[in-house]
Amino acid sequence: MFGLLPLSTMMGFKMMVSASPSPRSPEITEKTKKYDRQLRLWGDHGQSRLEKSHVCLINSSATGTEILKSLVLPGVGSFTIVDGYKVTQEDIGINFFLDQDSLGKSRAEYTTKLLLELNTDVNGEAIEEHPEMLLKQNPNFFNHFSVVIGCQLDEKTLVTISQVLWESQVPFVYVNCIGFLGWVRVQVNELAIIESHPDSTIQDLRLDVPFPELIAYMDALTINSREVAQKTPWLVLLFKAIQKFSTPSTGDSMDTTGCHPCHMKSQEKQEFKKYLKQYLCEVGLKDTDEEFDEVVKAANSALSPSMINSNVQALLDDPKSTKPEKTKFWVMCGALREFVANNGQLPVRGVLPDMMADSDRYINLQSVYREKASKDAEDILGRSQQLLKQAGLQGLTIVEEDVKLFCKECQNLRLIRGYPMYEEINSVPVEILQELAQNTEDSDQEMMYYLLLRGLLRFQGDYHTYPGLLDRDVEPDINRFKGTFTKLLNDWNATISAKEDCIHELCRYGACELPSVAAFIGGCAAQEVIKIITKQYVPLDNTFIYNAMQSTSSSFKMTRANS
Amino acid sequence: MASDVKGLLPADLGQLVNECNVLVVGAGGIGCELLKNLVVFGLKNVHIIDLDTIEVSNLNRQFLFRREHVGRPKSIVAKESALLFNPKVCITAYHDSITESKFDVNFYKQFNVVLNALDNRTARSHVNRMCLAAKIPLVESGTAGYKGNVSFHMQGISECYDCTTKPHQKTFPGCTIRNTPSEPIHCIVWAKHLFNQLFGISDPDEDVSPDSSDPEAVGDAGKIALEESNDTNGQVKEKVSTRQWAQSHEYDAQKLFQKLFHDDIKYLLSMENLWQKRKPPTPLDWNDLPDVIAGSSSIDQQTVTALKDQRVWSMQECSQVFKQSINQLKEKLENEKDLIWDKDDDPAMDFVTACSNVRAHVFGIQQKSRFDTKSMAGNIIPAIASTNAIVAGLIVTMACKVLKKDYYKCNTIFVMPRPTAVKKDLFPLDQIVGPNPKCYVCAEKPEIIVKMDLEKMTVRILGDKVLKTELCMIAPDVEIDDGQGTILISSEEGETDDIADKLLKNFIKDGTRLKCDDFLQNYQINITVAAMVDEEDEKDREKSGILFEIIGDRTQLNAKEQVAEGKKTDDQEQPSTSKKANPVHDDEDDLMIIEPTTVSEVQVAGTKRRLDETEEDTPSKKRKVESETSEVIDID
Ligand SMILES: [Zn+2]
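This is the structure:
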């Protein structure tokens, strides 16, 4: 059963092996092993961005510590904690990382020390100072961070930090946990995402707008027997069926009136499918063949029009594409814009779905798409470099790898344009108020909580304390808070009012963070920071409110009101 | 801790937190976060159990563990680390399997709530049954990448964990694996089976040599072999094992390669019926290996990524890695009786990557990089610290409601990577659903029908594949309902060994009722046997190799779930059920992600059992379904 090889061959083989370099074993480093489970989420390029990043946390509250924990573990490059407070008994009570020894010590230093123990690859530093003081000493202090996270900020500091970061274009994640409520706000000036990881990517097959190389390849193939048809990828069979279907000279074809099957409505598509089956029988396939089913099934998703979605179109129409600013993303968008103007289509993605076929035939078909994708990418690269030259954007280099990824993902490009929080805090939340005025139902509780949280910020600004801080009597604070909140609503010309029980609950917790809410919100904020740093997945845009009492949450976008 | 901070918790909750006793099952990704939350919340009594030891790949998220802890028991180290932060808590740690008989119903009764932080279906199902039996509320959870979920289960109030069919551990018909692979996963499963055959504990179901009894091939040379393999007693005849063969050739890589990828393939080619409608495989010769890579889109990735193991290897490279890994494994075998396949063991992973790729090349199937092969072979689910933190926070929030007996506020909650289309919600809630009256676990008298091929199935397969794998029983007893109480399978070790390898036709027939009982789980189910008729099989050649099929109420369950899911998803085109799918595992619509770290091994009653071959997720097709419907997630 097992063939013996001639001795000479064996000898020859042995010599061959000893002569060749030692077997190439995949290099798996300790680090790759440690990060294996997350590399599968954001890849090594995402990991490399994470490792190069430097995040700053203002105030290492329980929530702040939770956020940094979830950034230190996956290997953020380095972190800085800016925190002027000393550890209090309450801190120890709600922050897992603080023990009794830490009482009265610098919160920044103690937290930094404990966080660094979680991952030896990470660097960290503690600055025992309040952020406003730091800014006084050095107005550019925050400019070099990849992301700044702010916890436990009073209204005035929040406004200052938000403005400083907006002006220096540093992404800012504001986090506020009070009792059973959580508030996360992402402030980015502009965030371009190439790898948005959509739930599903539309196949890019160009059946409705075949490129010349594809037509030439298809034309050269003849399918003249069942055997050949079985070995032929479904894409080829489908292409040929469409071609025949759309050619008026074919006597048995429908009156297509120029409508390509990719652009048909579902009922017309059924007609085409009937034709497709007929065609498959003509080339020799039997309707019991696996391949027959495969073509018919694949046709469902393959027959979609090649088009440019609204997200991408908006990018192409953006003034920054016409006159690119000095970022790789916008220069490549500019190149893409020219490309689309010339070709009417986006670059070919060059990725085919798996298909049952003879592997040679599959490889050949694949290389037709892949070569076209390379050619298109080369075109984009050339245009990008041309644009760089024209605009005199020296110092910026765009390489093949950038363009290849950009082209592969060009269907999925996303752009987030932010709204600065300092403006939000200084303006009337018109849309929220309108929404609440229209819906008196409970469904918009989170929006009401948003207003209450704004009320808390105002209260804190006015009284330099939070209502219901722990050992005080709650009742007078509730009344004071109601006063502040009513005044705020009046300032906003709002016609709504908050429920008594909401206000009571809010005041009962004082400024305290609940550990489970801190854990939850900490995880949420960390995920947003990771999305911003890795530039993968689409971050929160831009507000998230969580209510642990009902386990409900809501995310919405605060925008500049049209006035 | 929070309960010490005056006024932080409402008085009633504060007292409940102080007095309660909680069981955390699992000290992995979620377990570490959960233990932290419970300790800081101020719970005084926490029990934590985990069977596993710490691995390097845990360190990116399981923050109670450090580099120096690698190799030590998770539960013990988690306890030690947590106590450093809060010495006042009483933590009881068990380095043990939750399915051990000492963790009986009485053990569960001491807890106010059980919090699952598990990573596999068998253990989840088991804890579910124990909680049902002990009438203790259960909070279940899982994460996968940016996704996660938390749900509540309580007898009589909400559905139990088994009320909706859970995605099954994917298995493939034996003939597909042995004779006619058509997808990369088939080659990977084959390679893992081969590993076990060569170096580990071989399982007769994991045979890797050509299967001449393939009904499709009947009429060929195979027929004779089929007749030879069963003797008159209906007992499967011993044959020379692959391992014995390899040993007799001193694990010579070249000879093994030649047998596996040349001679065996030639033999397969001799079964001409198989290749009438398929592209026949091409045998490979060690001395004449092509330097091309079977068609795949992964070449694209190669340019984008830098990781060395993300590149697809040529046949030359595969053969070298094949040789190198065999030599390493052979060396290991000198000190160990049997090797257990582990995705994090480099030689084992290298071996599977090389073998599956060579086989893929032989059959003209798309090749996969080592990185991708590892994902598929080890059923690796991405896992990050932040999602675990989110889920653990949600578990504690739900546990508080459970302690306050606010059961009807314990809606299932999902964690999504992006807002859902409908409510723009990152954390959508589900209605609380009452128990499914036809549930095969929590119904009053669970009943199912199992179609079996009595001619081919042995008693052992009934026990291992139907009762343990499918129905998640741990130590089943099976009695034939024939009025005489004939014992078919006993949970007592050795008691029914003599008949374990006999064919079922010797004991039961169409219509026989089997009373199955798991004493520990306090779980009884009646199975009605429906004999599989041969002609039926031949008509549907895709069923070849399928030994049994669970029908009846389980099928109805499936139908019900599909309707429910159709509503939830925004009318995406449902993937049509693949013809290749095994009807037993009709899970195209199920989205299950089983966490990576420990799925490969579950310790049952002291013996390491290998469940891994069944944990895989099919590649492209299924992944799409997951992301589209994204409702049921299960994991970490
Ligand atoms: Zn149930």
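Chain order of the listed sequences is A and B.
Residue numbering for the first sequence follows the numbering used here, beginning at 1200 and increasing consecutively.
Residue numbering for the second sequence follows the numbering used here, beginning at 1204 and increasing consecutively.
Every residue gets a Cβ at the ideal spot worked out from N, C-alpha and C, and that includes glycine.
As a quick exercise: from the options, pick the residue whose alpha carbon is nearest that of residue i.
| i | options | result |
| --- | --- | --- |
| I1695 of chain A | A:Y1662, A:S1367, A:E1316, A:A1636 | A:A1636 |
| V1653 of chain B | B:G1666, B:I1339, B:D1721, B:C1645 | B:G1666 |
| F1410 of chain A | A:G1549, A:P1628, A:T1287 | A:G1549 |
| E1308 of chain A | A:L1413, A:K1698, A:L1334, A:F1278 | A:F1278 |
| M1555 of chain A | A:E1493, A:L1364, A:A1498, A:Q1585 | A:E1493 |
| L1216 of chain B | B:K1607, B:Q1513, B:F1310, B:L1321 | B:K1607 |
| S1715 of chain A | A:Q1246, A:A1261, A:K1230, A:R1239 | A:A1261 |
| M1332 of chain A | A:V1598, A:T1400, A:E1426, A:T1356 | A:T1356 |
| E1622 of chain A | A:E1354, A:G1276, A:C1255 | A:E1354 |
| K1603 of chain A | A:I1507, A:E1250, A:R1384, A:R1569 | A:R1569 |
| G1234 of chain B | B:C1223, B:N1221, B:H1250, B:G1245 | B:H1250 |
| L1687 of chain A | A:R1405, A:R1239, A:Y1649 | A:Y1649 |
So with Cβ pairs under 8 Å, would you call residue i a contact of chain B?
| i | result |
| --- | --- |
| I1280 of chain A | no |
| L1317 of chain A | yes |
| S1753 of chain A | yes |
| T1449 of chain A | Note on T1449 of chain A: pLDDT 47, under 50, position unreliable in the model; the coordinate value appears next. Answer no: the Cβ-Cβ gap between T1449 of chain A and chain B never drops below 8 Å. |
| P1504 of chain A | no |
| M1555 of chain A | yes |
Taking the continuous beta strand (DSSP E) assigned at residue i, which residues delimit it?
| i | result |
| --- | --- |
| C1350 of chain A | 1346-1350 |
| F1722 of chain B | Counting along the chain, F1722 of chain B falls outside any beta strand (DSSP E), and DSSP gives it neither H nor E. |
| E1389 of chain A | 1389-1392 |
| F1751 of chain B | 1751-1754 |
| Y1297 of chain B | 1293-1297 |
| M1655 of chain B | 1650-1655 |
| Q1224 of chain B | Gln is not the amino acid found at residue 1224 of chain B; the sequence shown has Asn there. Residues 1224-1228. |
| F1617 of chain B | 1616-1618 |
According to DSSP, residue i sits in a beta bridge with which residue or residues?
| i | result |
| --- | --- |
| C1376 of chain A | A:G1381 |
| G1323 of chain A | A:F1278 |
| S1354 of chain B | B:E1343 |
| A1261 of chain A | According to DSSP, A1261 of chain A bridges with nothing at all. |
| D1680 of chain B | B:D1720 |
| C1255 of chain A | A:T1279, A:V1347 |
| V1732 of chain B | B:V1653 |
| T1487 of chain A | Its beta-bridge partners do not exist; DSSP assigns none. |
| F1166 of chain A | Since the first residue of chain A shown is 1200 and the last is 1762, residue 1166 of chain A is not available in this structure. |
| L1632 of chain B | B:I1616 |
| S1305 of chain A | A:K1285 |
Does residue i come within less than 8 Å of chain A when only Cβ atoms are used?
| i | result |
| --- | --- |
| I1587 of chain B | yes |
| L1471 of chain B | no |
| N1221 of chain B | no |
| A1580 of chain B | no |
| N1263 of chain B | yes |
| V1392 of chain B | no |
| Y1454 of chain B | no |
What are the start and end residues of the alpha helix (DSSP H) that includes residue i?
| i | result |
| --- | --- |
| K1251 of chain A | 1235-1251 |
| D1255 of chain B | Note, D1255 of chain B: premise wrong, no alpha helix (DSSP H); not H, not E. |
| F1460 of chain B | 1456-1461 |
| I1279 of chain B | 1277-1288 |
| N1399 of chain B | 1387-1402 |
| T1356 of chain A | 1354-1366 |
| L1272 of chain A | Looking at the DSSP string, L1272 of chain A is not in any alpha helix (DSSP H), and its letter there is neither H nor E. |
| E1690 of chain B | Residue 1690 of chain B is actually Ile in this sequence, not Glu. I1690 of chain B -> not in any alpha helix (DSSP H); beta strand (DSSP E) instead, spanning 1689-1692. |
Next item on the list: Would you list, in sequence order, the uninterrupted alpha helix (DSSP H) runs of no fewer than 4 residues that lie entirely inside the segment 1691-1753 of chain A?
Entry: 1699-1707, 1714-1733
Margin query: For a minimum of 4 consecutive residues, which ranges assigned as the alpha helix (DSSP H) are wholly contained in the segment 1562-1613 of chain A?
Written below: Every unbroken stretch of the alpha helix (DSSP H) spanning 4 or more residues and falling wholly within the segment 1562-1613 of chain A is given here in chain order: 1599-1607.
Margin query: I'd like the ranges of any alpha helix (DSSP H) spanning at least 4 consecutive residues and lying wholly in the segment 1542-1585 of chain B.
Written below: You should have 1549-1565, 1573-1580.
Checklist line | Members of the segment 1595-1629 of chain B that neighbour chain D once the beta carbon cut-off is set at 7 Å | finding: You won't find chain D in this structure, because its protein chains are A and B.
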